[in-house]
Amino acid sequence: FLQGLGECQDQQFPDKSGHCTTAKGENFKRPPVLIALTHNDKVKGNDSKIDSVRNRIKKVLSGGKYENVMPEFFLIDNTLVGDDGDDVRKLRRKLFEFSNAVLNQEILMPVKWLDFEVALSQKLSPDCKYISIDEAKRKAEICDIGKFDQAIKFLHRQGVVVHHSGSSKVVLDPHWLMNRFTKVISMPVKLDALSRHALDVFEQKGILFREYLQKLEDAELLEELMQKFNLICPCQHEGKAAFYVPSVAPTMIPGKELEASNVPSLFVTFPRKLVPMSLFTKLQVKLISEWKKRFPNQQATPSFYCNYSLLPLIIDGDVYDVCLIDFHEFIKVAVFPKQDGNHFKFASHLLATLKKCLDDLKSPDQLLFSMTSYNLEVECTCCFGKEERKCSRHHEIQCHSDRCGHRHFWKLSDLQRFYNDKSPAVCRSDKRSSKVFDIKSVKIWLNTGKWLMLKTFFNCYV
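So in our numbering, spot 392 of the sequence shown is number 392, and the numbers just go up one at a time.
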């Protein structure tokens with residue numbers, strides 16, 4: 001939980017030196033975090049139990065990572081109602097003091113931006129849900145706003161309007177737009193807008209023919225923004241223009257979990273140990289789209305499921321099957337080369353593309369507010385599948401399932417540091433013995449200089 005708070009702080013308060021002072025002169029770091037321990041009525045009189053919980057929390061805080069967490073604890077009696085209880089009143093007063101201190105030091109929104117918001121809201125009506133970007137700029141000029149891009153981005157991130165950089169439209173009613181997205185994806189319209197065959201293709205494969213979108217009202221806007229939000233991905237199916245819609249694709253039939261033979265798998269992990277809602281479907285679309293931008297001659301057809309995708313990625317004529325698998329707690333990226341040889345170049349480009357996709361999806365423009373940060377990691381072969389207790393899912397000892405066998409992962413950033421320092425990566429998951437992880441086994445994902453030397457060599461002889 002505290003780790004999640006730290007990740008949130010890095011995202012929302014990138015200024016690490018941001019401190020505030022209350023009216024009483026108490027200094028604290030943003031964002032202030034207060035700890036309230038509920039159900040105090042269950043342990044009244046049991047001071048040793050309360051002290052034990054306090055000491056455990058203090059021990060975590062003493063590490064120095066959570067200086068924005070207040071050391072004071074509030075004990076809440078759940079049997080009391082409203083403001084009854086001294087600690088409830090203390091907590092409310094403390095929240096009030098900190099809130100005022102933060103607000104007093106925040107950069108306030110210019111009054112002109114408020115005027116701009118009002119001007120846009122006045123255009124909203126049952127018959128007008130969006131306007132052109134040129135009309136929005138004219139409204140901004142009337143409100144004497146010099147930095148239009150900054151103002152419109154602020155309103156977008158506040159959920160007042162919807163506008164992506166490069167988009168030709170500004171949506172004045174975000175709820176209306178989300179409802180339209182839902183209706184397109186769920187397809188509750190009459191079947192006369194779509195043939196029975198096209199409907200079957202959509203329901204069975206998650207492929208939507210473009211001709212269906214073009215028959216809908218506001219077709220141009222929907223197509224543009226659904227791509228901006230990475231909800232659909234252009235493709236060809238049966239010789240017709242179409243879109244992949246991973247969110248409605250079927251679930252992959254359970255089977256043997258994929259393991260790459262000579263390229264170690266990557267794992268995308270998250271602070272809360274859960275894949276943020278809707279991230280996986282967006283990542284599938286984003287990755288194939290970004291790869292096509294880097295390497296346009298992509299002729300192989302990807303396969304999308306709501307929890308799995310097979311992306312045949314081509315680089316210099318070589319084909320690599322890249323599988324993305326959503327395990328709820330993390331995302332697995334497995335790579336299967338179709339040919340022998342050196343795969344460092346592909347791994348370098350895939351890693352860079354994956355990072356860009358995740359960083360773009362982390363942007364507030366995507367409105368994925370639960371996506372604060374991520375880590376790229378590899379499995380620890382020292383302890384994977386060596387749990388001596390039966391797993392809760394398969395009731396197996398030493399289960400080799402991805403969801404059960406991992407005691408921990410190694411962050412690529414940590415392994416890179418160990419590699420640079422020539423230090424050992426010691427697995428300490430087994431308290432009885434320590435084992436050294438073989439960093440060279442995953443060096444394809446590290447910046448070892450090997451690919452740079454190969455690139456220089458090739459350039460010299462081209």
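Here a beta-carbon is modelled for each residue, glycine too, at the ideal position from N, C-alpha and C. Here the structure is a predicted model, which means the values were calculated and not measured.
Distance between beta carbons of residue j and residue i, contact taken as under 8 angstroms
{"i": "S132", "j": "K169", "result": "6 angstroms"}
{"i": "K286", "j": "C357", "result": "4 angstroms"}
{"i": "K332", "j": "S265", "result": "6 angstroms"}
{"i": "S303", "j": "L310", "result": "4 angstroms"}
{"i": "V275", "j": "D326", "result": "6 angstroms"}
{"i": "D316", "j": "F336", "result": "So it is not a contact: roughly 17 angstroms between Cβ atoms."}
{"i": "S289", "j": "C233", "result": "6 angstroms"}
{"i": "L91", "j": "L34", "result": "7 angstroms"}
{"i": "D87", "j": "I76", "result": "6 angstroms"}
{"i": "F267", "j": "E379", "result": "7 angstroms"}
{"i": "K273", "j": "E329", "result": "5 angstroms"}
Which residues DSSP lists as bridging residue i, in chain order
{"i": "K139", "result": "Beta-bridge pairing links K139 to no other residue."}
{"i": "D321", "result": "P312 and F336"}
{"i": "Y130", "result": "V171"}
{"i": "F467", "result": "As displayed, the chain neither begins before 1 nor continues past 462, which places residue 467 out of reach and without an answer."}
{"i": "N27", "result": "T21"}
{"i": "A425", "result": "F437"}
{"i": "W410", "result": "V378"}
{"i": "S303", "result": "L310"}
{"i": "L287", "result": "None, per the DSSP bridge assignment."}
{"i": "L208", "result": "F243"}
{"i": "L266", "result": "V333"}
{"i": "V162", "result": "V171"}
{"i": "D326", "result": "I331"}
{"i": "S125", "result": "C128"}
Same chain, Cβ closer than 7 angstroms to residue i, five either side skipped, listed in chain order
{"i": "Y130", "result": "K169, V170, V171, L172 and L221"}
{"i": "K228", "result": "H164 and S167"}
{"i": "N375", "result": "T269 and K411"}
{"i": "A151", "result": "W113, F116, A140 and I145"}
{"i": "A300", "result": "P312, I314 and V319"}
{"i": "M252", "result": "Y305, N307 and Y308"}
{"i": "S434", "result": "V426, C427 and R428"}
{"i": "T38", "result": "I76 and N78"}
{"i": "A198", "result": "F209 and Y212"}
{"i": "F124", "result": "Sequence inspection shows Leu at residue 124; the Phe mentioned does not correspond to that position. Closer than 7 angstroms at Cβ, skipping near neighbours: L172 and D173."}
{"i": "P32", "result": "N68, M70 and F98"}
{"i": "Q339", "result": "D318"}
{"i": "I57", "result": "I35"}
{"i": "N27", "result": "H19 and T21"}
{"i": "Q54", "result": "Looking at the sequence itself, residue 54 is Arg, so the reference to Gln does not match. The residues are F73."}
{"i": "C143", "result": "K112, D115, F116 and A119"}
{"i": "D41", "result": "D77, N78 and T79"}
{"i": "L155", "result": "E117 and V161"}
Proximal residues to residue i (C-beta, below 6 angstroms), its chain only, five neighbours per side dropped
{"i": "V248", "result": "I185 and G206"}
{"i": "N230", "result": "K282, V285 and K286"}
{"i": "S195", "result": "none"}
{"i": "K29", "result": "H19, E67 and N68"}
{"i": "F148", "result": "K137 and A140"}
{"i": "V201", "result": "I207"}
{"i": "M226", "result": "I232"}
{"i": "P424", "result": "V436"}
{"i": "K153", "result": "none"}
Own chain residues within Cβ distance below 8 angstroms of residue i, not counting five before or after
{"i": "S17", "result": "Annotation note: pLDDT 48 at S17 (below 50); position unreliable, coordinate value reported separately. Hits under 8 angstroms: none found."}
{"i": "L213", "result": "V184, A219, L222, E223 and F243"}
{"i": "L446", "result": "L412, L415, Q416, Y419 and I439"}
{"i": "T381", "result": "F437, D438 and S441"}
{"i": "A23", "result": "E97, N100 and A101"}
{"i": "M453", "result": "Low confidence applies here, because M453 scores a pLDDT of 49, under 50, leaving its location unreliable and the question unanswered by this model."}
{"i": "L95", "result": "L34"}
{"i": "P549", "result": "The question about residue 549 has no answer, for the chain in this structure spans 1 to 462."}
{"i": "S48", "result": "none"}
{"i": "G341", "result": "D318"}
Interface flag, residue i vs chain B, CB-CB below 8 angstroms
{"i": "S195", "result": "As a matter of chain content, chain B is missing from the structure shown, which is built from one protein chain."}
task: Would you list, in sequence order, the uninterrupted alpha helix (DSSP H) runs of no fewer than 4 residues that lie entirely inside the region 31-117?
output: With a minimum length of 4 residues, the continuous alpha helix (DSSP H) runs that stay inside the region 31-117 are 47-61 and 86-105.
query: Where are the alpha helix (DSSP H) runs, 4 residues long or more, that stay fully inside the region 332-383, in chain order?
result: 344-362
message: Three or more C-beta pairs under 8 angstroms: does that hold for the region 206-222 against the region 154-164?
response: no
query: What are the complete beta strand (DSSP E) segments, minimum 3 residues, inside the region 213-249?
result: 233-237 and 240-244
- request: Report yes or no: do the region 238-248 and the region 174-183 share at least 3 C-beta pairs separated by less than 8 angstroms?
  value: Contact between the region 238-248 and the region 174-183 is absent, because fewer than three Cβ pairs lie under 8 angstroms.
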